[in-house]
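Visitor:
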Amino acid sequence: MRPAVAPSALLGVALALAPALAHAAPPPRVAVRLDAAFGEAESARLRGAIEAEVRDVATVVSTTEGPTIVVLVEKSGQGITLSFADARGTVVGKPRSLSGDDEVVASSTGAVVRAHVVAATSERAEAPSPVEPALAPSARTSEAPTPRDEAPRPAAPHLAPGTFRVGAYYTGTTYAPELPWQSGVRLEGSVRATRVVYVGAGYALSPGVTLSGAGVDVGVTRHAPYAFVGLESTGASLALGVDVGVGLDVAVRKTTSTREGLTATASSTFASPVLALRAHGRLRSAGNGLALDVGPTFEAAPGGRSLVVADTAPVEILGANSARLRIDVGGTFDGF
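Residue numbers (our numbering): 3 to 338.
(1) So, are the CB atoms of Thr-330 and Tyr-171 less than 9 angstroms apart?
(2) With DSSP run on the structure shown, which of helix, strand or coil describes Val-218?
(3) Cα-Cα, which of Val-218, Ala-229 and Val-63 is closest to Tyr-205?
(4) Quick one, are the C-beta atoms of Ala-226 and Asp-251 less than 9 angstroms apart?
(5) Taking DSSP as the reference, what is the three-state secondary structure of Glu-344?
(6) Give the DSSP-derived three-state secondary structure of Ser-269 in the structure shown.
(7) According to the neighbour-count rule (16 or more other Cβ atoms, all chains shown, within 10 Å of its Cβ), is Val-248 buried or exposed?
(8) So does the region 165-183 actually touch the region 88-96, counting three or more Cβ pairs closer than 8 angstroms?
(9) Would you report the Cα separation of Ala-1 and Leu-48, rounded to the nearest angstrom?
(10) In the DSSP assignment, what residue or residues form a beta bridge with Gly-293?
(11) Under a Cβ-count criterion, where at least 16 other Cβ atoms within 10 Å of its own Cβ denotes burial, should Val-34 be classed as buried or exposed?
(12) With Val-32 and Val-75 assumed to form a contact (beta carbons below 8 angstroms), what rounded beta-carbon distance in angstroms separates them?
(13) Report yes if the C-beta distance between Ala-293 and Phe-338 is below 9 angstroms; otherwise report no.
(14) Out of Arg-255, Gly-243, Pro-209 and Asp-88, state which residue places its alpha-carbon closest to the alpha-carbon of Arg-194.
Structure below.
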């Protein structure tokens, strides 16, 4: 027969283990942040590999509130760049670059994250606990208010070189004294050459507007192909930028009616060069690559041709401005 264990002995063991259990550290929290440039399948593969590796050493969470190890995975050429940050978005240590086959990159990412979590947990466990000074029996103690965790700052979007952007805009221009504001649409695409430099091209269309004067009605339609290069900050919610563009202002003019005694000339097309300096204020939507873009622009358009009616005395009914103001308002998407 096995000897009975006295209840007092069990109580003694429980009292001895209580301090250790009370100070046992909870498993670390890990939040994964993936670059918006990743596709759905690639994101699922990377996230799954990370969660599988750290499942037994950490708790994977979707929020960065409280003590958290934040894993930042960015797309970089044919591979990824892996870095770690705390809940406030401060990067810890040096980023690591991983490249190769998709499966190899995913498994390597999981292994690196696990090693970082284990190392961080060990450092926390080995740190000595502060010794609290003993208080005199007559001393009164009061609990200090618990500090409130500050909301984590959103991490700046890391748009890797080679990321494509498409944009669609309303565009309005002070085209001519006789046509003080001409509206149209603008479509453009660009590619990020570096983290802050982008190059692109676009096309603008200002639909036909009819001008009347000196007994004639003339329709004017404008087309504007162009190319540009620019710089842009990588702010998390607001990105500021500026670009310089060169292009053509192609005006198509067609006489639609004339009064008696005048003869309509054939339709004409005239192209003149345009140089544009555009500023940007881009308000980003968190995590999905969409942004609202506002771009005030100055245009220099030398060589614009006037539209003249040759009557008893020549009458100018359209004289294009050589210096113009323009505004572009629309949306963009990054991530192709």
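Note that the Cβ used here is the ideal one computed from N, Cα and C, for glycine as well. Note that this is a predicted model, so its numbers are computed, not measured.
Guide: Here's the rundown:
(1) Indexing the sequence shown from 1 puts residue 330 at position 328. Indexing the sequence shown from 1 puts residue 171 at position 169. Per the sequence shown, the amino acid found at residue 330 is Asp instead of Thr. The Cβ atoms of Asp-330 and Tyr-171 sit closer than 9 angstroms to each other.
(2) Residue mapping note: residue 218 aligns to position 216 of the sequence shown, counting from 1. The answer is strand: DSSP assigns Val-218 an E or B state.
(3) As a first step, residue 205 is located in the sequence shown; it is residue number 203 there, counting from the start. The option with the nearest alpha carbon to Tyr-205 is Ala-229.
(4) Residue numbering aside, residue 226 sits at position 224 when the sequence shown is read from its first letter. Residue numbering aside, residue 251 sits at position 249 when the sequence shown is read from its first letter. Yes, the Cβ-Cβ distance between Ala-226 and Asp-251 is below 9 angstroms.
(5) The shown model of the chain, from 3 to 338, leaves out residue 344, and the question about it has no answer.
(6) Against the sequence shown, residue 269 aligns to sequence position 267. Coil, per DSSP.
(7) For this step, residue 248 is matched to residue 246 along the sequence shown. If you draw a 10 Å sphere on the C-beta of Val-248, you find fewer than 16 other C-beta atoms in it, and that means exposed.
(8) no
(9) For residue 1 there is no data in the structure shown, the boundaries of the chain being 3 and 338.
(10) Position 291 of the sequence shown holds residue 293. Note on identity: in this sequence residue 293 is Ala, with Gly being the wrong assignment. DSSP, once it has assigned bridges, lists Arg-286 and Thr-334 as partnering Ala-293.
(11) The residue labelled residue 34 in the question sits at position 32 within the sequence shown. Buried, by the Cβ-count rule.
(12) Position 30 of the sequence shown, counted from the first residue, corresponds to residue 32. Position 73 of the sequence shown, counted from the first residue, corresponds to residue 75. In fact, because the Cβ distance is near 12 angstroms, the residues do not count as touching under 8 angstroms.
(13) Stepping through the sequence shown from its first residue, residue 293 is reached at position 291. Stepping through the sequence shown from its first residue, residue 338 is reached at position 336. Cβ atoms of Ala-293 and Phe-338: not closer than 9 angstroms.
(14) Counting from 1 along the sequence shown, the entry for residue 194 is found at position 192. Ranking Arg-255, Gly-243, Pro-209 and Asp-88 by Cα distance to Arg-194 puts Gly-243 first.
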